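Participant: Take this structure, written in structure tokens, and hold onto it; I'll ask about it next.
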Amino acid sequence: MNFDRSLIAAMLAPGLALALWLALGAAGVYAALDTSAATALSALLAPLVETHGMLLGFWWLVAAAGAAWAVRLLHIRYVAAPARLAEGARVLVSDASAPPVAAVGASANGALADALNGLALERRTLRQEMARLVEDASRAVAHQRDQLGALVAELQQSVVVCNLDGRILLYNARARALCRRISRAPGGAAGAELIGLGRSIHKVVDAALIAHARDGVERRIVRGEPAPSARFVTHTPSGHLLRVSLAPVREAAEGAPATGFVLLLDDITDEYEAEARTDRQWLALTETSRAGLASIQAALDMLDYPDLDGADRDRFQQVVREEVAALGARITALAIEASTALKSRWPLQEMLGADLVAAAAQRIHDETGQAVATPDVDTGLWLSVDSFSLIAALSFLARRAAEGRAAPSLELRLARADGHAHLDLAFAGGAAIAAGWQACPMDGTEGGASLSVRDVAERHGGEVWLEHKRTAEAPRAAFRFLLPLAAGGVDGPSHPGESRPEFYDFDLFAASDAHHERDDRPLEDLSFTVFDTETTGLDPAGGDEIIQIGAARIVNGKLLRAECFDQLVDPRRSIPEAGIAIHGIRPAMVRGQPTIGEALPAFHAFASDTVLVGHNVAFDLRFLKLKEAATGAIFDQPVLDTLLLASIVHPHADAQSLEAIAARLGVTVCGRHTALGDALACAEVFLKLLPLLRQQGIRTLGEARAASEDSYYARLKY
Amino acid sequence: MNGQVNARAGASGKAGEKVLIADDEPNIVVSLEFMMKREGFHVLVARDGLGALEAIRREHPRLVLLDATMPGMTGFDVCEAVRSDVDTRDTRIVMLTAKGRETDKARGVGAGADAYVTKPFSTRDLVQTVKEMMARDAAE
Chain A
1 MNFDRSLIAA MLAPGLALAL WLALGAAGVY AALDTSAATA LSALLAPLVE THGMLLGFWW
61 LVAAAGAAWA VRLLHIRYVA APARLAEGAR VLVSDASAPP VAAVGASANG ALADALNGLA
121 LERRTLRQEM ARLVEDASRA VAHQRDQLGA LVAELQQSVV VCNLDGRILL YNARARALCR
181 RISRAPGGAA GAELIGLGRS IHKVVDAALI AHARDGVERR IVRGEPAPSA RFVTHTPSGH
241 LLRVSLAPVR EAAEGAPATG FVLLLDDITD EYEAEARTDR QWLALTETSR AGLASIQAAL
301 DMLDYPDLDG ADRDRFQQVV REEVAALGAR ITALAIEAST ALKSRWPLQE MLGADLVAAA
361 AQRIHDETGQ AVATPDVDTG LWLSVDSFSL IAALSFLARR AAEGRAAPSL ELRLARADGH
421 AHLDLAFAGG AAIAAGWQAC PMDGTEGGAS LSVRDVAERH GGEVWLEHKR TAEAPRAAFR
481 FLLPLAAGGV DGPSHPGESR PEFYDFDLFA ASDAHHERDD RPLEDLSFTV FDTETTGLDP
541 AGGDEIIQIG AARIVNGKLL RAECFDQLVD PRRSIPEAGI AIHGIRPAMV RGQPTIGEAL
601 PAFHAFASDT VLVGHNVAFD LRFLKLKEAA TGAIFDQPVL DTLLLASIVH PHADAQSLEA
661 IAARLGVTVC GRHTALGDAL ACAEVFLKLL PLLRQQGIRT LGEARAASED SYYARLKY
Chain B
1 MNGQVNARAG ASGKAGEKVL IADDEPNIVV SLEFMMKREG FHVLVARDGL GALEAIRREH
61 PRLVLLDATM PGMTGFDVCE AVRSDVDTRD TRIVMLTAKG RETDKARGVG AGADAYVTKP
121 FSTRDLVQTV KEMMARDAAE
């Protein structure tokens, strides 16, 4: 409870004044009497004081309490109410869309509140009008940016655009997927600790390599080359090989200096390993063949000796036979391996499953004249397929299914199944399919090459089989292909509409953090990680553990909802039922999740180079600090607490819970009591607090920290 | 198909000298052993690098036909060890190898081989090389 000392003093003052006034009155009367009268009065009053003194004291207490109550009423109406009105007005000044101020206290305050709300409404209307004009003016620019973003998003390569400091200001979904692959963090970060707006690209590509490439590009610019770029290969700590192409971002003017650079990234690990494997095979074949041929050559040389006895002759002939057989076996093995590699290296394209089904249905209809129904097709599935050979295989199987059946009632179905997709060609059963359908060459495929249905399945790293089902109406059968999904949404567009760029922020072109100490930098220029934890209980020293960490970053004044950290943690202990009612995390949900030893370093990486922000963050920090020694994740960055910042902005508010602050600031809270939900709510509150702090002259990180330390709540012990 | 023989020419050889054949391929050892014995050499055989090094230190052969790619200690390693030991450094070494790249050859010669013969090779040429090498040593 936040007691106002001046209010307490004001409430006590009338009682004390009354007591003083009575005492002074009594003393004055007493002093005016002569000695005999004074003695007589004392003699008269002394017994009365003894018997009725309590009554007098009570009488005084009633009067004092009445006076205090009246003072408190006056304080509420004429001091506290205007103060709250002033706070509400300050919120309206910084944010015209904040809730209207409420009329409390004296009736005159009502008129004042109405006037303030009227002003705010007018200001809001003006701002909306101005915003509309600005929006109209910038629509063309935004359109161009969107076009650029869409273009980048559609590229099959990973694209990252950085400013000269290496801060990322644009990346596409491919780049995010690549970082997800090369990330060493457990699932929660999923590459977000490597790539994100405002993050440094140097976490992915070494700064020295980029500097070297930029030097090379600069030299080419000086030489006047029209499209200078540099290429190099680097490896990541997780062991991936990346091919990097770097090109400068320059303004159109001739000779303009670079303001940033574009990186095209390719993960060539698999490609490199396949090539290396092939190289090793060829080298091994060369060397073993040379050795074998040497043995044959030497044996033949020996056989040339005319005086060789029978036993020696047999021995050398046996050497020749053995070596020839070994050579033949090696060549056969190599041929098999090459054929397998050819199948597995066949380029598979990502394709929307529904499109594949539609194309196959059309092709089957064209070739067999049979209509193909598509009753159950998962329209959200992306497949990794060689559509040409797969449609040919489906068409071939449809012809087989239609043989000897007047109404084969063909159907194509597509469904997800345990990390794969089931593509079924169903048909009316009842008669057998001729044996050998899997290995039989399909005509018309690959220009007549003898590819079989089995080859097609193997080419996809999948399977194909025939299933019979006996239903109530009629027997049905289906050829079922087991096909790969488009990299489980890792590589490919997991949602049809998700090919837009993850995010871009070209304002970061101008941002530079090279020359500023963080404490002196304006809050708006800093990056923040707003986080929250859910725990098994409230006592970290007593064995309570973190079970969930949620976090989001604020970069350049924007909350990056697309780059969240959301990680359940296995506490390796029980979770009390009382807590489950609040956070809803049950033991089964954390089983198999990373331990704190894995999750905390990942969160540390996610939060690197940022200021930590939380609500009542001291609680969460105690958990983090206790784990520093065990996990090696040291959280030594600056920390801000929205509870303290809100108490600076609203010193007269009674409640400083996250909900109460959010309500005062007009922030809608969703998903509370999940770590990420609370972190996002806290981030929204923090963003609303920044302009209010600025009004109070708190502009830099150092000022915010100093003001927090002086705030009322900071002096409380948690 | 004749292998490449890198050696300087010399006079005729001297029989009765110890020659070590070190190779893990039994089928080539059979022929080389037979041929060298026919030529009058005293033939020793080792099946791996370590065995070869021990035989060289123990028997002090005049010349070693050393396969480059043996399991464990390779021919290159043996060659370096022989050249770094004052007791064995004068042993003649003919490196036999299935590695045909220029870099491999450079490594063999760099490690101290007197000749570097790429498999497959003509045994007659090889015998000629060995004989010339020994004759040249005898003349010096």
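Going down the list, the sequences are from chains A and B. If you use the UniProt record's numbering, the first sequence corresponds to residues 1 to 718, in order. If you use the UniProt record's numbering, the second sequence corresponds to residues 1 to 140, in order. Glycine included, C-beta positions come from ideal geometry on N, C-alpha and C. Note that the structure is predicted; figures quoted are calculated from it, not measured.
Output the distance between the C-alpha atoms of CYS564 of chain A and GLY550 of chain A, rounded to the nearest integer angstrom.
Facilitator: Whole-angstrom Cα-Cα distance: 7 angstroms.
Participant: If we define contact as Cβ-Cβ less than 8 angstroms, is VAL319 of chain A a contact residue for chain B?
Facilitator: Yes, contact with chain B.
Participant: Would you verify that the beta carbon of PHE316 of chain A is, or is not, closer than 8 angstroms to some beta carbon of chain B?
Facilitator: Output row for PHE316 of chain A: interface = yes.
Participant: Can you find at least 3 beta carbon pairs, one from the segment 24-41 of chain A and one from the segment 85-100 of chain A, that sit closer than 8 angstroms?
Facilitator: No contact exists between the segment 24-41 of chain A and the segment 85-100 of chain A.
Participant: Going along the chain, which residues of its own chain have a beta-carbon closer than 6 angstroms to the beta-carbon of ILE661 of chain A, five neighbours each way excluded?
Facilitator: Here the set comprises ALA646, VAL685.
Participant: Mind checking TYR171 of chain A: buried by the 16 CB within 10 Å criterion, or exposed?
Facilitator: The residue in question, TYR171 of chain A, is buried, as its Cβ has 16 or more Cβ neighbours within 10 Å.
Participant: What is the rounded straight-line gap between the Cα of LEU327 of chain A and the Cα of LEU466 of chain A?
Facilitator: Answer to the nearest angstrom: the Cα atoms are 40 angstroms apart.
Participant: CB LYS18 of chain B to CB ARG47 of chain B, shorter than 8 angstroms?
Facilitator: In this structure, ARG47 of chain B does not lie closer than 8 angstroms to LYS18 of chain B by Cβ.
Participant: Mapping the DSSP letters down to three states, classify MET70 of chain B as helix, strand or coil.
Facilitator: Three-state result, MET70 of chain B: coil.
Participant: Measuring alpha carbon to alpha carbon, tell me which of A:ALA299, A:ILE210, A:HIS422 ends up nearest ARG413 of chain A.
Facilitator: Nearest option by C-alpha distance: A:HIS422.
Participant: Against chain A, which members of the segment 42-53 of chain B pass a CB distance test of less than 9 angstroms?
Facilitator: Answer set for the segment 42-53 of chain B: empty.
Participant: Can you find the residues in the same chain that come closer than 7 angstroms, C-beta to C-beta, to GLY702 of chain A, ignoring five residues on each side of it along the sequence?
Facilitator: Correct list, in chain order: ASP519, ASP520.
Participant: Helix, strand or coil for ASP4 of chain A, going by three-state DSSP, please let me know.
Facilitator: Here ASP4 of chain A sits in coil by DSSP.
Participant: For TRP382 of chain A, count neighbouring C-beta atoms within 10 Å of its own C-beta (all shown protein chains included) and say buried if the count is 16 or more, exposed if not.
Facilitator: With 16 or more other Cβ atoms within 10 Å, it is buried.
Participant: Give me, in chain order, the residues of the same chain whose beta-carbon lies closer than 8 angstroms to that of HIS365 of chain A; leave out the 5 immediate sequence neighbours on both sides.
Facilitator: ALA371, VAL372, listed in sequence order.
Participant: For GLN349 of chain A, list the residues DSSP reports as bridge partners.
Facilitator: Answer by DSSP bridge pairing, in chain order: A:VAL385.
Participant: Consider the Cβ of MET302 of chain A: report whether some Cβ of chain B lies at a distance smaller than 8 angstroms.
Facilitator: By this cut-off, MET302 of chain A is an interface position.
Participant: Rank A:CYS440, A:ALA329, A:ARG561, A:GLU463 by C-alpha distance to the C-alpha of SER452 of chain A and give the top, closest one.
Facilitator: Cα-wise, what sits closest to SER452 of chain A is A:CYS440.
Participant: Mind checking ARG124 of chain B: buried by the 16 CB within 10 Å criterion, or exposed?
Facilitator: Label assigned to ARG124 of chain B: exposed.
Participant: Counting contacts by CB-CB distance shorter than 8 angstroms, is GLN157 of chain A in contact with chain B?
Facilitator: False, the Cβ-Cβ gap to chain B never drops below 8 angstroms.
Participant: Could you tell me which residues DSSP puts in a beta bridge with ALA230 of chain A?
Facilitator: A:LEU246, per the DSSP bridge assignment.
Participant: By DSSP, does ASP206 of chain A sit in helix, in strand, or in coil?
Facilitator: ASP206 of chain A falls in the coil class under three-state DSSP.
Participant: Is ASN117 of chain A helix, strand or coil by DSSP?
Facilitator: Correct three-state label for ASN117 of chain A: helix.
Participant: For a test of the three-state rule: what should DSSP assign to CYS670 of chain A, helix, strand or coil?
Facilitator: Looking at CYS670 of chain A - three-state DSSP - the assignment turns out to be coil, as it is neither helix nor strand.
Participant: GLU563 of chain A lies in the beta strand (DSSP E); which residues open and close that run?
Facilitator: Counting along the chain, the beta strand (DSSP E) containing GLU563 of chain A begins and ends at 558-568.
Participant: Helix, strand or coil: which one does DSSP assign to TRP465 of chain A?
Facilitator: In this structure, TRP465 of chain A counts as strand in the three-state DSSP scheme.
Participant: Out of A:ILE648, A:ALA663, A:PRO576, which has the shortest C-alpha to C-alpha gap to GLY692 of chain A?
Facilitator: Correcting the residue type first, residue 692 of chain A is Leu in the shown sequence and not Gly. Minimum Cα distance to LEU692 of chain A is reached at A:ILE648.
Participant: So, are the CB atoms of ALA298 of chain A and ILE28 of chain B less than 8 angstroms apart?
Facilitator: Yes, they are a contact pair.
Participant: Would you check if there are 3 or more beta carbon pairs closer than 8 angstroms linking the segment 86-95 of chain B to the segment 60-74 of chain B?
Facilitator: Taking 8 angstroms as the limit for Cβ pairs, the verdict is that the segment 60-74 of chain B does touch the segment 86-95 of chain B.
Participant: Inspect the beta-carbon positions of THR374 of chain A and ALA398 of chain A and report whether they are closer than 8 angstroms.
Facilitator: Not in contact: THR374 of chain A and ALA398 of chain A (Cβ atoms no closer than 8 angstroms).
Participant: Is there at least one non-hydrogen atom of the ligand ATP closer than 7 angstroms to the beta-carbon of SER229 of chain A?
Facilitator: For the ligand ATP, the structure offers nothing, since it holds no ligand at all.
Participant: With a threshold of 8 angstroms between beta-carbons, can GLN281 of chain A be considered close to chain B, or not?
Facilitator: Taking Cβ atoms only, chain B never reaches closer than 8 angstroms to GLN281 of chain A, which makes this a no.
Participant: Can you tell me whether DSSP reads CYS79 of chain B as helix, strand or coil?
Facilitator: CYS79 of chain B falls in the helix class under three-state DSSP.
Participant: Kindly say whether SER295 of chain A, judged by its beta-carbon, lies nearer than 8 angstroms to any beta-carbon of chain B.
Facilitator: By this cut-off, SER295 of chain A is an interface position.
Participant: Anything in chain A within Cβ reach of THR123 of chain B, meaning under 8 angstroms, just list it in chain order.
Facilitator: Ordered by position in chain A, the residues that pass the 8 angstroms Cβ test against THR123 of chain B are GLN297, ALA298, ASP301, MET302.
Participant: Using a Cβ-Cβ cut-off of 8 angstroms, state whether GLY75 of chain B counts as contacting chain A.
Facilitator: Not one chain A Cβ lies under 8 angstroms of GLY75 of chain B.
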